[in-house]
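Structure first, then comments.
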Amino acid sequence: MCGIAGYSLVGGSAAPRTLAAQALLAGIAERGEDAVGYAYRGDGDVVAVHKRQTGASGLIDDIVVPDDTAQLLVHVRDFTKGHPSLDVNNHPIRHGSVVGIHNGVIANDEEILARHGFEREWPGMTVDSEVIFALVEEAGNDPRALEELYGTMATAWLDERDPESLFLARGIGRPLWIGECRDGVFFASTSAALGVVERSLRVGLAHTEVPEGTFLRIHGGTVVSRQSFEPDHSYREERSLPAIRSPHEGDYCLQRMAVLAAWTMA
599 MCGIAGYSLV GGSAAPRTLA AQALLAGIAE RGEDAVGYAY RGDGDVVAVH
649 KRQTGASGLI DDIVVPDDTA QLLVHVRDFT KGHPSLDVNN HPIRHGSVVG
699 IHNGVIANDE EILARHGFER EWPGMTVDSE VIFALVEEAG NDPRALEELY
749 GTMATAWLDE RDPESLFLAR GIGRPLWIGE CRDGVFFAST SAALGVVERS
799 LRVGLAHTEV PEGTFLRIHG GTVVSRQSFE PDHSYREERS LPAIRSPHEG
849 DYCLQRMAVL AAWTMA
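Residues 599 to 864 (the working numbering) are what the sequence shown spells out, left to right.
See below:
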């Protein structure tokens with residue numbers, strides 16, 4: 599179980615970018631500690647990526663997001679395939695123009711890579727999640743491409759060819775929530791993580807669970823497109839893992855978040 603989170607903000611939003619990133623990170627910290635990372639984009643098209651081979655506690659005080667950031671992705675990893683000692687296996691993952699994050703397991707990634715003739719972005723890279731971003735890059739973010747995947751998935755990505763959009767998709771077996779307000783759209787693996795944003799930023803969010811087989815395009819802090827796709831429901835996981843993988847990470851980051859929010863919002 600990994601954790602994913604992020605936001606897309608409307609133009610002119612006064613939301614504190616770094617504090618929002620810290621709140622999202624604190625909200626998902628309990629879901630993995632093998633690696634942590636974030637990616638953001640401001641007014642330009644280039645997506646900046648930062649990763650560490652640690653839990654969220656090793657990043658929460660150091661995460662810095664520019665004041666003009668329009669979109670953000672945050673990830674904590676509980677790895678299944680692609681050892682975290684090789685940093686390119688950790689999220690956010692780049693494939694060509696696409697940078698994305700994923701919670702879940704893709705069982706047929708090698709088959710899809712071979713069938714399409716996709717080259718790995720970096721030598722030695724083995725993480726299964728890369729195939730998601732290879733598919734959507736080739737398909738121009740058409741959600742029907744996701745129907746090739748066999749496994750579990752909640753995912754988000756940015757495409758440098760579309761500098762104002764953030765994309766979300768939920769397949770099967772992993773949760774995904776959005777929270778909407780006048781500042782934009784926040785998303786996270788759980789509704790509870792969105793609650794951390796509400797308390798930290800002193801804002802109210804309208805929480806909605808994203809249904810399985812749903813693709814969202816969020817442009818400038820607004821959901822502008824909602825499409826359906828058909829994930830493969832035949833997949834069965836060999837073993838079920840608890841959602842809370844690193845309770846000590848969650849406890850520490852939530853306590854630290856209370857201090858950061860009190861200081862920033864004073």
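Ideal placement from N, C-alpha and C gives every residue a C-beta, glycine not left out.
Subject >> Local conformation of Y833 per DSSP, three classes >> reply: As a position in the sequence shown, residue 833 is number 235, starting the count at 1. In this structure, Y833 counts as coil in the three-state DSSP scheme.
Original post:
For the beta strand (DSSP E) that L814 lies in, which residues bound it at each end?
Top reply: In the sequence shown, the residue the question calls residue 814 occupies position 216. Looking at the DSSP string, the run of the beta strand (DSSP E) that includes L814 is 812–817.
Subject >> H700 in three-state terms, based on DSSP >> reply: Working through the sequence shown from its first residue, we reach residue 700 at position 102. Note: H700 maps to strand in three-state DSSP.
Original post:
Given I658, which residues of its chain have a CB within under 6 Å of its CB, disregarding the five upstream and five downstream residues?
Top reply: Within the sequence shown, the letter at position 60 stands for residue 658. Contacts found: Q620, L623, C851, R854.
Original post:
What distance in whole Å lies between the Cβ atoms of V634 and R871, which are believed to be in contact at a cut-off of 8 Å?
Top reply: Outside the displayed range of the chain (599 to 864) lies residue 871, so it cannot be described from this structure.
**OP:** Check C600 in the structure and name its three-state DSSP category.
**Re:** As a first step, residue 600 is located in the sequence shown; it is residue number 2 there, counting from the start. If DSSP states are grouped into helix, strand and coil, C600 belongs with coil.
Subject >> For T667, the first and last residue of its enclosing alpha helix (DSSP H) >> reply: On the sequence shown, position 69 is the one that residue 667 refers to. From DSSP, T667 is part of no alpha helix (DSSP H); its letter is neither H nor E.
Original post:
Using DSSP with H/G/I as helix, E/B as strand and the rest coil, what is R675?
Top reply: For this step, residue 675 is matched to residue 77 along the sequence shown. Note: R675 maps to strand in three-state DSSP.
**OP:** Find the nearest neighbour of G722 within the set A754, N688, N706, I704, judged by alpha-carbon distance.
**Re:** By one-based count along the sequence shown, residue 722 stands at place 124. Taking only the C-alpha atoms, the option nearest G722 is N688.
**OP:** Taking L756 and A637 to be in contact with their CB atoms under 8 Å, please state how far apart those CB atoms are, rounded to whole angstroms.
**Re:** As a first step, residue 756 must be located in the sequence shown, where it is residue number 158. As a first step, residue 637 must be located in the sequence shown, where it is residue number 39. Indeed, because the Cβ distance is near 7 Å, the residues count as touching under 8 Å.
**OP:** Compare the C-alpha of T667 against each of R718, S611, D707, I699 and name the closest.
**Re:** Against the sequence shown, residue 667 aligns to sequence position 69. Among R718, S611, D707, I699, the Cα nearest to that of T667 belongs to S611.
Original post:
Going by the CB atoms, is the gap between A754 and I691 shorter than 8 Å?
Top reply: As a working note, residue 691 is residue 93 in the sequence shown. As a working note, residue 754 is residue 156 in the sequence shown. For I691 and A754, no; Cβs fall outside 8 Å.
Original post:
Of all the options S655, I816, I602, L803, which has the alpha carbon lying nearest to the alpha carbon of D849?
Top reply: Position 251 of the sequence shown holds residue 849. For the residues S655, I816, I602, L803, the minimum Cα distance to D849 belongs to S655.
Original post:
Hey, F813 and A752: beta-carbon distance below 8 Å or not?
Top reply: Numbered from its first residue, the sequence shown carries residue 813 at position 215. Numbered from its first residue, the sequence shown carries residue 752 at position 154. It is not a contact, given that the beta carbons lie outside the stated cut-off.
Subject >> Per-residue burial, V703 [other beta carbons within 10 Å of its own, 16 or more giving buried] >> reply: Position 105 of the sequence shown holds residue 703. With 16 or more Cβ atoms within 10 Å of its Cβ, V703 is classed as buried.
**OP:** Would you list the one or two residues that DSSP bridges to T750?
**Re:** Here residue 750 is taken as the residue at index 152 of the sequence shown, counted from 1. T750 pairs with nothing; no bridge assigned.
Original post:
Using 8 Å as the threshold, is the segment 777–786 in touch with the segment 729–748, meaning 3 or more CB pairs across them?
Top reply: no
**OP:** Compare the Cα-Cα distances from H831 to each of G601, D632, G749, A743 and report the closest residue.
**Re:** As a working note, residue 831 is residue 233 in the sequence shown. Comparing Cα positions, the closest option is G749.
**OP:** Can you tell me which of the three DSSP states S655 falls into?
**Re:** Locating residue 655 in the sequence shown gives position 57, where the first residue counts as 1. Three-state DSSP puts S655 in a helix.
Subject >> Endpoints, the beta strand (DSSP E) within which R650 is located >> reply: By 1-based counting over the sequence shown, the position of residue 650 is 52. Residues 646–650.
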